[in-house]
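Inspection log for the structure reproduced underneath, given as structure tokens.
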Amino acid sequence: MAMRAASGIRPLGLDTMVRLQRGRRGAGTPVRLPVPDGMTAPLGCDAVAVPALLAQQVLPRLPRVGCVYADETHWWWIVPSDSDYALEWPAPARYATGAVVPGAADVPGLLHRSDGTVPYTPPIPLYLALCRLTNTTPTWSRTVGAQAQ
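Take 399 as the starting number for the sequence shown in the working numbering and just add one per residue.
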């Protein structure tokens, strides 16, 4: 037996609301950075997004560069999964688990391809370059205060 609102309009059921929500998610399907053909990602893939102007300063500071994707506003470095473990990536950098580009309509273009068979930029040199350029003390160098008793 269907219930009707006082206006005579039938209220939405839970199934309808769930279907509508799933439809909304489909329109904003997450964009994942791909591993280029001929490469493997044995350690999984995450990404570090850096604003384009800052990224141009980071690039020459790195001893080795893996795959880098770019759009108009950000560059995305592919790093091994869990490269955020025990690290706080300095703002304005953003860590993207699963190499998912939030809010992107299309996959950013491949700006640089790794010379090897894996797509990774070593995360520690990338992290240190970002710390230096953003004047951020690396996580492991920060002073840990003693607890007051």
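Virtual Cβ for every residue (Gly too), placed ideally from N, Cα, C.
The alpha helix (DSSP H) enclosing residue i, as first and last residue numbers
i, result
"Val456", "Ala450 to Val456"
Rounded separation between residue i and residue j - CA only
i, j, result
"Arg540", "Val456", "22 Å"
"Thr438", "Pro409", "51 Å"
"Val498", "Ala445", "8 Å"
"Pro478", "Leu441", "5 Å"
"Arg420", "Pro428", "Residue placement at Arg420 cannot be trusted, given a pLDDT of 49 that sits under 50; the coordinates are not used to answer."
"Pro495", "His472", "Correcting the residue type first, residue 495 is Thr in the shown sequence and not Pro. Each residue's Cα considered, the two are about 16 Å apart."
"Pro536", "Val433", "29 Å"
"Cys529", "Leu508", "24 Å"
"Asp480", "Val466", "18 Å"
"Asp513", "Arg462", "9 Å"
"Tyr431", "His510", "Residue identity check: residue 431 is Leu in the sequence provided, not Tyr. Going by the C-alpha atoms only, they are around 13 Å apart."
Beta strand (DSSP E) segment containing residue i, residue limits
i, result
"Tyr525", "Per DSSP, Tyr525 belongs to no beta strand (DSSP E); it is in the alpha helix (DSSP H), Pro521 to Leu531."
"Tyr493", "Arg492 to Ala494"
"Gly507", "Gly507 to His510"
"Trp538", "Segment: none, Trp538 is in no beta strand (DSSP E) and carries neither H nor E."
Whole-angstrom C-beta distance between residue j and residue i, which should lie under 8 Å
i, j, result
"Gly464", "Pro517", "5 Å"
"Leu526", "Trp475", "About 13 Å separates the two Cβ atoms, so there is no contact after all."
Buried or exposed by the 16-neighbour rule on C-beta atoms within 10 Å, applied to residue i
i, result
"Ala503", "exposed"
"Val542", "exposed"
"Gly424", "Because Gly424 sits at a pLDDT of 49, beneath the cut-off of 50, its placement in the model cannot be relied upon, and the point is left open."
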